[in-house]
Amino acid sequence: MMDFMAQRPVGQEFVRHVEDGCPYRADDVMKPEQAVSTGTTLVVAEFDGGVVMCADTRTSTGQYCANRASRKISKVHDRIFVCRSGSAADTQALTSFVLHYLGQHAVELGKQPTVNTAANLFKIMAYNNKDHLLAGLIVAGYDDKKGGQIYSIPLGGTRVRVPYAADGSGSGYIKGFMDANYRPGMSKAECLEFVQKATALAISRDGSSGGMVRSLVITKDKVEEAVIEGNKLPVDL
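Okay, so the sequence shown: first residue is 921 according to our numbering, each after it adds one.
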């Protein structure tokens, strides 16, 4: 029977037709899709009285810009927020779970939850699912116990409290700038300028970061949001 079976020609695997100039893949459709690259820039820093969070607004899928005005800073509670990088779907799902559990925790306590509790919830879920998630997070906010706080939760689910942090594809371009210019005890205005300048510098170098610069200032009394449009960034491009 084997003598009568037609053999598949070597080197002639079925390939989907792709027109010249098409940005999509041209490899065998029977093989797995190639991974898409994602990118962003997140910058967070403490000042005397609170924290400042900043992010660009570009959501990219490979070389395609899927959204130029997205929000990468999500509210977790009244004075607690998270900056998200990596897979948008993964980080949004994690944030939804933490919102649910932290809300229940606040009702049981009868008072505001701490930033440390929120960061710990993110850490537990990120670590327990580290083989299935692409999520880099920075949790920051203000509570009455420890004031302004920043917790970095990179890929893998480690949780580290830091005075300032940067994450995403653009963070590698500005680590030196942040190390050289950050100082403890800055005023709110100085910290906001520092964080916005760092994010703008990352946008100028990283092709996966862009759009606008969204910033959030969190203090004991209020949360202030601001936006810098892409043609008004505080850096000479």
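Just so it is clear, CB atoms sit at the ideal spot from N, CA and C, and this is done for glycine as well. Predicted model, so just to flag it, every value in this text is computed and none were measured.
- Where Asn987 is concerned, there is no enclosing alpha helix (DSSP H), although the beta strand (DSSP E) around it starts and stops at 984-987.
- Under the DSSP assignment, His997 falls in the beta strand (DSSP E) whose first and last residues are 993-997.
- For Gln1024, DSSP assigns no beta-bridge partner whatsoever.
- Just so you know, the alpha carbons of Gly1150 and Ser1128 end up roughly 14 Å apart.
- For the 8 Å CB-CB criterion, Tyr1084 and Ile1070 form a contact.
- When the five nearest sequence neighbours on each side are left out, the beta carbons in the same chain lying within less than 8 Å of the beta carbon of Val1018 are those of Val996, Val1002, Ala1038, Leu1041, Phe1042, Met1045, in order along the chain.
- Residue pairing by DSSP places Leu1136 opposite Met973, Glu1145 in a beta bridge.
- Following the DSSP letters along the chain, one finds Leu1121 inside the alpha helix (DSSP H) bounded by residues 1108-1125.
- If you look at Val1035, you'll find it in the alpha helix (DSSP H) that goes 1035-1048.
- Under the DSSP definition of a beta bridge, Arg1081 partners with Tyr1071.
- Collapsing the DSSP output to three states places Thr961 in coil.
- Where Gly1096 is concerned, the enclosing alpha helix (DSSP H) starts and stops at 1095-1101.
- Counting every other CB atom within 10 Å of its CB across the protein chains shown gives Gln983 a total below 16, marking it as exposed.
- Per DSSP, Gly1030 lies in no beta strand (DSSP E) segment and is marked neither H nor E.
- Here the alpha carbon of Gly1096 sits roughly 42 Å from the alpha carbon of Val1027.
- Gly1006: member of the beta strand (DSSP E) spanning 1000-1006, first to last residue.
- With contact defined as three or more Cβ pairs closer than 8 Å, the region 975-991 and the region 1124-1143 are in contact.
- The beta carbon of Asp968 is closer than 6 Å to those of Gly1105 in its chain, skipping five residues each way along the sequence.
- Bridge pairing for Leu1054: absent [DSSP].
- For the pair Gly1056 and Gly1006, the CB atoms are nearer than the 8 Å cut-off.
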